[in-house]
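Report on the structure given below.
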Amino acid sequence: MGASEFRFFLSCDINSPVTFRIDKLDGIPPPSRNPLIRDLCPWQKRKKQELYIECALYINGAPFGLPMRTRLHTTGSPYCWNELITLSSKYRDLTVHSQLAITVSMGCFLRKTEGLIGGATILLFNSKMHMKSGKQKLRLWQGKEADGSFPTSTPGKVPRHECGELERLEKLMNKFERGQIQSIDWLDRLMLNSLDKIKEQESSKHGNSNLYLVIDFCSFEHRVVFQESGANVLITSPIGSTNEFVTVWDTELGKFNPSEHKQLKLARSLDRGIIDRDLKPSNAERK
């Protein structure tokens, strides 16, 4: 494949279910502020919060398919699920405004709103209509359920004006893990060490007040470009049985046609019943 050649897949041609991985939760969830709930919940005595994650697909602001849940994480912090989620919807069903609504909740409540930790949403396609791949870090809106409407009120993407050196290095790390950046051993070690130091500085600065959820989107052999199914198919306008025939007048009908006249001249051998490639036209036929 040449350096200038660009290969890609169309999303409408991928007949596979939407799949992604729930990786981990960065940060410590705050305890419940309700004293009655703290007395009733057994995890407050053990000081280990049992959490689960619910994922739902929204297309153009409407729920699409069935939501899926992860297993209940009972070992406490750090929370690492590393669980593969497969939705009932397929990639060919997606639109450019498809997004995932992800909500983190406690598992000791009958109502999800009582044990709500936070939620966030993420679009499956970027501004260039390319499907996102690799690891994505979402900032949770604490105390809010993920809003699947479009535009959403709980975006997981950190605003550009709030992005610092840590977010920049994490984007480069994502490209490095996908093989888009060449591996250099000594430079990789320096980058990992600087990334750990910046994480410690950010955690001490903000006091672990923010919660981040790390998910991993499926990566394909080539980039996936959005294409709506049937967008390039020409659809003929239907003709009803009540329509009448319309007569169109052809002004050239019956006039001399040079092309047809020449074709008749060239078909002289067939008119004579002889197929001879070397037969030459007579003087009359040359006129």
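Position 210 of the sequence shown, counting from 1, maps to 210 under the UniProt record's numbering, and the rest follow consecutively.
Each residue gets a CB set at the ideal place from its N, CA and C atoms; glycine is no exception.
| query | Does the count of Cβ pairs from the segment 210-227 and the segment 62-74 closer than 8 Å reach three? | reply | no
*For the beta strand (DSSP E) containing residue 305, list its first residue and its last residue.*
What the structure shows of the chain is the stretch from 1 to 287, and residue 305 is not part of that stretch, so it cannot be assessed.
Q.
Let me confirm a value: Q136 is counted as buried when at least 16 other C-beta atoms fall within 10 Å, else exposed. Which label applies?
A. buried
Worksheet item: Given that a residue counts as buried once 16 or more other Cβ atoms are within 10 Å of its Cβ, and exposed if not, what is Q182?
Response: exposed
- Separation of E244 from F125, as counted between CA atoms: 48 Å
My assumption, with CB atoms under 8 Å, is that Q99 sits in contact with L123. Please give the rounded CB distance.
5 Å
**Report entry** Inter-stretch contact at 8 Å, needing at least 3 Cβ pairs: the segment 209-221 / the segment 22-30
**Finding:** yes
Between the Cα of residue 338 and the Cα atoms of R286, A120, Y91, M129, which residue gives the shortest distance?
In this structure the chain extends from 1 to 287, so residue 338 is not present and cannot be described.
Q: Pick helix, strand or coil for N257, following the three-state DSSP scheme.
A: coil
Unbroken beta strand (DSSP E) run spanning E83, endpoints: 79-90
field: Reduced DSSP secondary structure (H/G/I, E/B, other) of R139
entry: strand
Report task. Using three-state DSSP, classify K280 as helix, strand or coil. Result -> coil
- Taking Cβ positions, are S88 and P17 nearer each other than 8 Å? yes
(Q) Looking at S105: is its Cβ nearer than 8 Å to the Cβ of Y52? (A) yes
- request: Spatial neighbours of D147 within its chain, please: CB distance less than 8 Å, with the 5 preceding and 5 following residues excluded, ordered by chain position.
  value: A101, G119, T121, S153, T154
Three-state secondary structure assigned by DSSP to W43
Low local confidence applies: a pLDDT of 47 at W43 is under 50, so the model's placement there is unreliable, with the coordinate-based value given in what follows. Helix at W43.
Mind checking who G119 pairs with in its DSSP beta bridge? T103, W141
(message) Can you tell me whether H73 is buried or exposed? The criterion is at least 16 other CB atoms within 10 Å of its CB, across all chains shown.
(response) buried
**Prompt:** From which residue to which residue does the beta strand (DSSP E) around L169 run?
**Reply:** No beta strand (DSSP E) holds L169; the alpha helix (DSSP H) holding it covers 165-177.
Take the Cβ of R7 as the centre, count every other Cβ of all protein chains shown within 10 Å, and call the residue buried at 16 or more, exposed below. exposed
| query | Which residues in the same chain as G143 place their Cβ atom closer than 7 Å to its Cβ, once the five residues preceding and following it in sequence are excluded? | reply | L116, G118
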